Structures are given as structure tokens and as C-alpha cells.
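Chains as they are written, first to last, in our numbering: chain A, 1 to 293; chain W, 1 to 215. Beta carbons are placed, not taken as given, at the ideal position from N, Cα and C, and that holds for glycine. For clarity, every value in this text was computed on a predicted model and none was experimentally measured. To start, the structure under review is shown below, and the notes come after it.
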Amino acid sequence: MTAVLYDIPGPKARARNAGTGLLGVVLLVALIGYVLYRLLVTGQFSAREWEWIQYSAIQRLLLNSLLATLEAFGVAAVLALALGAVLAAGRLSEHRWISRPATVVVEFFRAIPLLVLIFILFYGVSRSLNYNFSAFWALVFGLMLYNGSVLAEIFRAGVLALPKGQREAAYALGMRKAQVMTNVLLPQSLRLMLPTIVSQLVVVLKDTALGFLIQYPELLYQARYLGGQGQLGSPILPVAMVVAVIYIAMCLLLSMLANYLERRTRRNPKIGALDPAGKADAEGEVVAAQSTD
Amino acid sequence: MNVLLDNLDLFGQAFLGTIKLFIVAAIGSLIGGTILAGMRVSPVPILRAFGTAYVNTVRNTPLTLVLLLFAFAYPRLEIADLSFFTRACLGLIVYTSAFVCEVVRSGINTVPVGQAEASRALGFTFNQTLSSIVLPQAVRAVVPPLTNIEIALLKNTTIAAGFSVIEAGGVYSALAERGYSVLVGLLWVAVGFLILVIPLTLLQRRLDQRWSVAR
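Spelled out as C-alpha cells, the structure:
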């Protein structure tokens, strides 16, 4: 579609496009150049500011904090997938007394901010109910409840997106409700949903950075800590740059996996023929969820 | 209930901060996102490349990191002295624009090809095609996902509380100082967000019904 917005440029349009392009480049270079200039002038590239990177203790500290991030991500992702499956099964149930509460739970946890949820677990529960949540479990449970609810919606949309004939044919063959779900609907919808699920995992990975605000010693927290160290010259900008590269690299890798799965799904004629409407719905969920971070 | 009534000033101030932050960042991100989307579909390759690079980078950066950069790293550049509130707004705009851009771009893709082709046949330029033909139609398709993004932005404003902006997410520490139950206070904050989010969802549904075009 995007290529249809304009004609193949003729000589005049080419000149105009070149002019706009030049203007754009000048503006961008000016902006980036100015930031670089400020970085240079304020001494962010001086050897003193980058000294910290040589100390093996600091390298180990950053490596450990990276592991802490990945640990929170791994545990939260597994728990969220499990919770999402349970809640989706609940929402798809034909018994009202199961599907109604499941709907309420999903809607509630999707509506309140993840950070407030984590604060409730970390500050609220530990101070008022005298049950001590460690920062790790507060973060993991918060991520699990929120992303589990979002994943439940994705699973549900995926199952509902399948053509009705699949379910009807399975019932006609005499399968039970659970059999229809596990043998017919889930295997098909999971393949359809896989890219969306992986995109949601990117959100989980990004959200682990919220641990910074409850003093969970993950990557961002240690970056702030190192950045405040006076004897290293308070290198907050250099440390932040390194940590940003690490975060973006990890998330980009996961996003690329999601894109690859998406392309593979689209190429596959077996899945590509399935109704894409429900899939688009579920993608809307993810777009909304991804910006929640 | 006491926790809410005794500290009404605190909650009022905090939610006022949330709403101010939300309105500024929402308007800013709508403008920024639309400009970025225009770049991503433009005939100028360099602008397209920049738009793509920006969206891919920012979408894969945690918002906490963006806000940390604005809160602690920005002052080191010694460019201009901005308040925490302004910097939080900037961070939220930078972050949310990328998502708005993606939604607007997918909205542009929902407009039938014939519309753009017809306007080209009438001799419209790219800017005219985009602003008088395609975008007005894309807006309708874009409203539901865009409301989702803005709801997410509303929830994301809480993260700014972690960087000393007066904001609903930060109520707990003031409550703890005053000796009230943090748990109850935070539950009230959650209720407050439900009250803010639900009208937005209803508005989204109404706009959806009213504006959806039968194609």
C-alpha cells in the first residue's frame, strides 16, 4: 500500500524529493551532532568516564545483574504463560460461574498499571499483611498477573479465530469437549498465535526493568548504582549507553524471532488460509500491551 | 475509606499530576507519531530509514530506561534546565510516539488502494494524497487501537513517579510517612485508575461504532 501513495517520481519530483531528503538529513545530522557535541563537551567520552569498564569486579557485577534480569524474565514468562492458559480456559468455559470470574480477573489486571500492581505486592502486602515479598517475587508475580491476563486474551482470540467448521467437525466425530480443545483447536491456534506470544514475551523482558523501582538488583538498578559512584567519576551516561545497548539487543533478538515466525506463518498455506480476522484482533491486544511497559 | 478521606489532598494532587502528565504526553505523542508515520510512508528513502530505525529502537527499549536517561543522564549534558515534569513528558512522548506511528501506519494500510490511486490520477501530490485523502479515512480505522495506546500511556505515567514526579504511583511513600496503611492506599490508587480507564474504554467503543465505515 505505502508504495501506492505516490507516483514513480519524474524529474521534478525527484528534485523535490532530493531536496526534502537533504533537508531531513541536515536536520537529523544537526540534532545528532548537537547531542554528540554536548556529550563531547561535557566530557562523556573522556577516558576517566569509561575507566569503570576495565574493572573485573564491575564487569562481574553487570554480568550478575544481567543474569538477575534474565532470571526474572524466565520465571515470569513461564508463570505468565501458565496463568494465561488457565485464564483463557476459564474464559472459554461454557459454565458461567467459571467464565465470569475469569473475565473479571483478566479485565482487572489489564486495567491497573503494572507498576501499581508491583508496588501493592512489594510495599502494600509486606507492610500491611506482614508477609514479606522479596523484590524478586514481587516483580515476578506482578509480571505474571499482568502478562498472564494479556496472554489469556491472546489465547482466547486465537482459539476463537479458527473457522467454526473445525470445532463442529470434531464434535461430529464424537470427541469430548476437552479432546476438541487439545487435539483440534489448540494445535492449530498455537501455530497461528506463536508470533503474537513471542511479541508479548518481549514486553515481559522490557518490563523486568521495572524492578529498578523496587530495588531489585537487575541491570538498570546496577547501572544507576554505578552511575552514582563518585570515585568512578559518576559515569551515568556511559553506563546507561552500555546498558541501553544490552537491553535493545536482547529485545531486538526476541522481536526478530517474532517477525521470523510471523513470516513463516504467513508463507505456510495451511495456516495462511485460516481466517485472519481474529488474528488481527489479537494483534491489537499486543500492540496495546507492548506500549504498556 | 479513612485512608482515602483523610488524605484527599494527597490523592487529588497525585491524580492531578497523572492527568496533566497524560494530557501533555498524549497530545505530544499523537503529533510525534503522525509525523513519524508520514516519514515512514514518504517517498524520501532517508526519512523512511530514519522512521524505521527510530521505531525499531524505541519499541525495544524499556520505558524505565528512557525515563532514567531523561531523569539522570540528561542533566549531565547541561543543555537547558528542565523540570522533572517536563523531562518525564519528553520521555513519555519519545516512547509513545513509536507506538502511535505503528498504529497510524497500519491505519494507512487499511485504506483501499483505489483511494490513493484515484487521488494520484487526479494529480494530487504525495502530501495532498496523504493529508486530504488517506489520513482522514485512516483516522477512523485507527481510533480503537489508538485508544488502546493512550490507555497504555495513562498507565505508563505511573513509572514517572519513580523519578520524583508527583504522580498517583508515588502516593505510597507519602502515605507511609503519614502513618497510613500503604496497602489500602495503593488499592485506592488502583481504583482511581479503573475510574480513569473505564470512561476511555467506553469512549473508544462509541467512537468505534460511530466512525466505523462499512467497506
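Q.
Is Thr103/A close to chain W? Criterion is C-beta to C-beta, closer than 7 Å.
A. Judged by the 7 Å Cβ criterion, Thr103/A is not in contact with chain W.
Q) Do Gly158/A and Met193/A have their CB atoms nearer than 7 Å? A) Cβ atoms of Gly158/A and Met193/A: closer than 7 Å.
Q.
For the stretch 234 to 249 of chain A, list every residue whose C-beta sits within 8 Å of some C-beta in chain W, in sequence order.
A. Listed in sequence order: Ile236, Leu237, Ala240, Val243, Ala244, Tyr247 and Ile248.
Q | Touching by the beta-carbon criterion (3+ pairs, under 8 Å), the stretch 73 to 90 of chain A and the stretch 193 to 204 of chain A | A | Three or more beta-carbon pairs separated by less than 8 Å link the stretch 73 to 90 of chain A to the stretch 193 to 204 of chain A, which places the two stretches in contact.
Q: Would you kindly report the start and end of the unbroken alpha helix (DSSP H) that includes Asn147/A?
A: Residues Ala135 to Ala161.
Q) For Val139/W and chain B, any beta-carbon pair shorter than 7 Å? A) In summary, chain B is missing from the structure at hand, where the protein chains are A and W.
(Q) Tell me which residue opens and which closes the alpha helix (DSSP H) that Val245/A is part of. (A) First-last of the alpha helix (DSSP H) with Val245/A: Ile236 to Arg267.
(Q) Strictly below 7 Å CB to CB, what residues from chain A border Ala73/W? (A) Identification of chain A residues near Ala73/W by a Cβ-Cβ cut-off of 7 Å yields Ile236, Leu237 and Ala240, ordered along the chain.
Q) Where do the ends of the alpha helix (DSSP H) carrying Ile98/A lie? A) Arg96 to Ala111 is the extent of the alpha helix (DSSP H) around Ile98/A.
Q) Of all the CB atoms in chain A, is at least one closer than 7 Å to the CB of Thr64/W? A) Closer than 7 Å to some Cβ of chain A, the Cβ of Thr64/W qualifies, so yes.
Q) Along chain W, in chain order, which residues have C-beta atoms closer than 9 Å to that of Thr42/A? A) Contacts between Thr42/A and chain W, judged by CB atoms closer than 9 Å, involve Arg76, Leu77 and Glu78 in chain order.
(Q) Just to make sure I have the definition right: I need the residues of chain W whose C-beta is within less than 7 Å of the C-beta of Gly227/A. Which are they? (A) Against chain W, a Cβ distance below 7 Å from Gly227/A picks out Phe72.
Q) Just how far apart, CA to CA, sit Ile305/A and Val105/A? A) Examination of residue 305/A is not possible in this model, given that chain A is present from 1 through 293 alone.
Q | Ser189/A at chain W interface by Cβ criterion, 7 Å | A | Cβ-Cβ to chain W under 7 Å: no for Ser189/A.
**Q.** Among Val184/W, Trp188/W and Ser29/W, nearest to Ile93/W - alpha-carbon criterion
**A.** When only C-alpha atoms are compared, the closest one is Ser29/W.
Q. To the nearest angstrom, how far is it from the Cα of Ala80/A to the Cα of Arg91/A?
A. Distance between the alpha carbons of Ala80/A and Arg91/A is about 16 Å.
Q.
Spatial neighbours of Val171/W within its chain, please: C-beta separation below 7 Å, excluding the five flanking residues on both sides.
A. Closer than 7 Å at the Cβ level, and outside the excluded window around Val171/W, lie Leu10, Phe11, Ala14, Gly185 and Val189.
Q. Start and end of the alpha helix (DSSP H) containing Gly124/A?
A. Secondary structure note for Gly124/A: it is in no alpha helix (DSSP H), with a DSSP letter that is neither H nor E.
**Q.** Three-state secondary structure (DSSP) of Met181/A
**A.** Here Met181/A sits in helix by DSSP.
(Q) Quick check on DSSP: helix, strand or coil for Thr42/A? (A) It is coil, neither helix nor strand.
Q: Check the Cβ of Val140/A against every Cβ in chain W and list those closer than 7 Å, keeping chain order.
A: Listed along chain W, no residue sits closer than 7 Å to Val140/A by beta-carbon distance, the nearest being about 16 Å off.
Q. Near Leu254/A, which residues of its chain fall below 7 Å by C-beta distance, leaving aside the five closest residues on each side in sequence?
A. The answer, listed in chain order, is Val198, Leu201, Val202 and Leu205.
Q. Would you say Phe212/A faces chain W, with C-beta separation under 7 Å as the test?
A. So yes, Phe212/A belongs to the interface.
Q: Report, in whole angstroms, the separation of the C-beta atoms of Arg48/W and Arg59/W, which I expect to be a contact under 8 Å.
A: The C-beta distance from Arg48/W to Arg59/W rounds to 17 Å, too long to fall under 8 Å, and the pair is not in contact.
Q: Could you work out which residue in Ser234/A, Cys251/A, Trp52/A and Leu190/A is closest to Leu151/A when comparing CA atoms only?
A: The shortest Cα separation from Leu151/A among Ser234/A, Cys251/A, Trp52/A and Leu190/A belongs to Leu190/A.
Q.
Considering only the alpha carbon of each residue, which of Arg87/W, Ile31/W and Gly179/W lies closest to Leu4/W?
A. Of Arg87/W, Ile31/W and Gly179/W, the residue nearest in Cα terms is Gly179/W.
Q. Under 8 Å Cβ-Cβ, which residues of chain W neighbour Tyr216/A?
A. Those do not exist, as Tyr216/A stays about 12 Å from chain W at its closest Cβ, beyond 8 Å.
Q. Which class does Pro217/A belong to by DSSP, given the choice of helix, strand or coil?
A. Coil at Pro217/A, not helix or strand.
Q) Whose C-alpha, out of Pro199/W, Leu135/W, Val66/W and Ile23/W, is nearest the C-alpha of Ala98/W? A) With distances taken between Cα atoms, Ala98/W lies closest to Val66/W.
Q) Anyone know if the C-beta pair for Thr18/W and Thr201/W falls short of 7 Å? A) For Thr18/W and Thr201/W, no; Cβs fall outside 7 Å.
Q) With 7 Å set as the bound, which would you pick, yes or no: does the beta-carbon of Val21/A sit closer than that to a beta-carbon of chain W? A) This sequence places Gly at residue 21/A; Val is not what is there. Chain W contact via Cβ: present.
Q) Looking at the unbroken alpha helix (DSSP H) that takes in Met175/A, where does it start and where does it end? A) Run containing Met175/A: none; DSSP gives neither H nor E here.
Q: For Ile151/W, I'd like the list of residues in its chain whose CB is within less than 6 Å of its CB, leaving aside the five on either flank, ordered along the chain.
A: Within the same chain, Ile151/W has close Cβ partners Val197 and Leu200.
Q) Between the C-alpha atoms of Thr57/W and Leu63/W, what's the straight-line distance to the nearest angstrom? A) Rounded to the nearest angstrom, the two C-alpha atoms are 12 Å apart.
Q | Separation of Ala176/W from Ala258/A, as counted between CA atoms | A | Approximately 43 Å, taken between the alpha carbons.
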